[in-house]
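Only one structure is covered here, and it is reproduced in the block below.
Residue numbers (our numbering): 22 to 385.
Here it is as structure tokens:
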């Protein structure tokens, strides 16, 4: 597929039910590519999910750049399959840094949003040096919505996840939260242990709709940010970012996530992190950040979730001026079009002001 190059003017879209923002058409390389800027001054690390009512909902980081006590979690919504988007509204904004979200909708319509509260640095982003590890990551918190993300419950810290790592390192949920046919809810969580274990990616299970979480299963040692997906044949896939090199490796489970295969590398170094979805035609789509120049977002489509060919990667975006970009997340709409969200920072010295959330509408 051709790479986007041509820039066009800003287009304003309006519908009466939502406060809409300007969508800047970045480029028009082909009819099946549409690029839009969704937010300005925020939009880091988006997680997008398709809701049961057809909306696309995405959670984003706002209020600060990568670190900062003013960090918060904002939401944006599209009611027309990614063509137009609401202005952002805030889901979480506590005293310290609210960050690193994971999100999913359960079959009963409940949306589960997990995140981390961090208080280990001051307003400038500098870490405190008093050695108190509990100030670094306060824990994984969860909030719940029964009305498609418009209102949320009060935050609750999960005791099961907290006891697993407390005092031993840092923690972060990641990506999409999914539900199995038997009702079990799954969430990928990675740890940065202070000892020689380093980064480790785990899968946590909940039997009560994401309210409490049991003992985790190790997905991979020396991996971190992990996207998970359930295929219609019952297999689970996990795409993990490696601690060294920053490549993506895939692991598979055939027993509902209780055991996992040995990871297989599918991208090169500095190509991360990844998001997985199964398309309506059965193929499996993986999108990931491309940190090698030209930087942006790439996609690989597998016929079955086992065969991956990075030499046939699709270039979705390649105009990022630096490595502060990517973290794509995709949703397939009812028409078969895919909406892929990602972020980009245009001026690393002027973040978060130069940060933006962006969307690519395309047909695999």
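Beta carbons: idealized from backbone N, C-alpha and C, even for Gly. Please read all numbers here as calculations on a predicted model, not as lab measurements.
Taking a C-beta distance under 8 angstroms as the contact criterion, residue 384 and residue 53 qualify as a contact pair. Assignment of beta strand (DSSP E) within the region 194 to 240, counting only whole runs of 3 or more residues, yields 206 to 214, 220 to 227 in chain order. Distance from the Cα of residue 190 is smallest, within the candidate group 272, 118, 219, 365, for 219. Collapsing the DSSP output to three states places residue 181 in a helix. Counting C-beta pairs with one atom in each stretch, the region 88 to 102 and the region 118 to 130 have three or more that are closer than 8 angstroms, which means they touch.
For the pair residue 106 and residue 98, the CB atoms are nearer than the 8 angstroms cut-off. Per DSSP, residue 163 is one residue of the beta strand (DSSP E) stretching across 160 to 166. Residue 349 and residue 216 have their alpha carbons spaced roughly 30 angstroms apart. Secondary structure of residue 65 (DSSP, three-state): strand.
The beta carbon of residue 200 sits closer than 8 angstroms to the beta carbons of 125, 127, 128, 206, 207 from its chain, once the five residues preceding and following it are set aside; these are given in chain order. Between the region 273 to 280 and the region 293 to 310 there are fewer than three C-beta pairs closer than 8 angstroms, too few to call the two in contact. The three-state secondary structure of residue 369, taken from DSSP, is helix. Where residue 274 is concerned, the enclosing beta strand (DSSP E) starts and stops at 269 to 274.
According to the DSSP assignment, residue 377 belongs to the beta strand (DSSP E) that extends over 376 to 383. Contact between the region 58 to 73 and the region 374 to 384 is established, with three or more Cβ pairs separated by less than 8 angstroms. Residue pairing by DSSP places residue 95 opposite 81, 111 in a beta bridge. Closest in alpha carbon position to residue 140, among 132, 114, 134, is 114. Taking C-beta separations shorter than 8 angstroms and ignoring five residues to either side along the sequence, the partners of residue 131 in its chain run 165, 166, 167, 230, 231, following chain order.
Taking the Cα positions, residue 272 is about 30 angstroms away from residue 96.
For the 8 angstroms CB-CB criterion, residue 194 and residue 210 form a contact. Annotated three-state conformation of residue 245 is strand, per DSSP.
Rounded to the nearest angstrom, the gap between the Cα atoms of residue 71 and residue 351 is 9 angstroms. Its chain contains 237 as the residues whose beta carbon lies nearer than 7 angstroms to that of residue 185, once the 5 sequence neighbours on both sides are disregarded; these appear in chain order. Bridge pairing for residue 118: 139 [DSSP]. Relative to residue 356, the option among 62, 300, 224, 362 whose CA is nearest is 300. When 338, 173, 213, 361 are compared, the shortest CA-CA separation from residue 263 is found for 213. Collapsing the DSSP output to three states places residue 186 in a helix. For residue 170, same chain residues with a beta-carbon under 6 angstroms away, outside a window of 5 residues either side, are 78, 96, 132 in chain order. Assignment of residue 282 by DSSP, reduced to helix, strand and coil, places it in the coil class.
In the DSSP assignment, residue 305 falls within the unbroken beta strand (DSSP E) covering 305 to 311. A straight line joining the alpha-carbon of residue 347 with that of residue 64 spans about 11 angstroms.
The criterion of a C-beta distance shorter than 8 angstroms is satisfied by residue 196 and residue 249.
Per DSSP, residue 262 is one residue of the beta strand (DSSP E) stretching across 257 to 263. The continuous beta strand (DSSP E) containing residue 337 extends over residues 335 to 341. Under DSSP, residue 350 shares a beta bridge with 362. A check of alpha carbon separations from residue 330 across 338, 319, 227 identifies 319 as the nearest.
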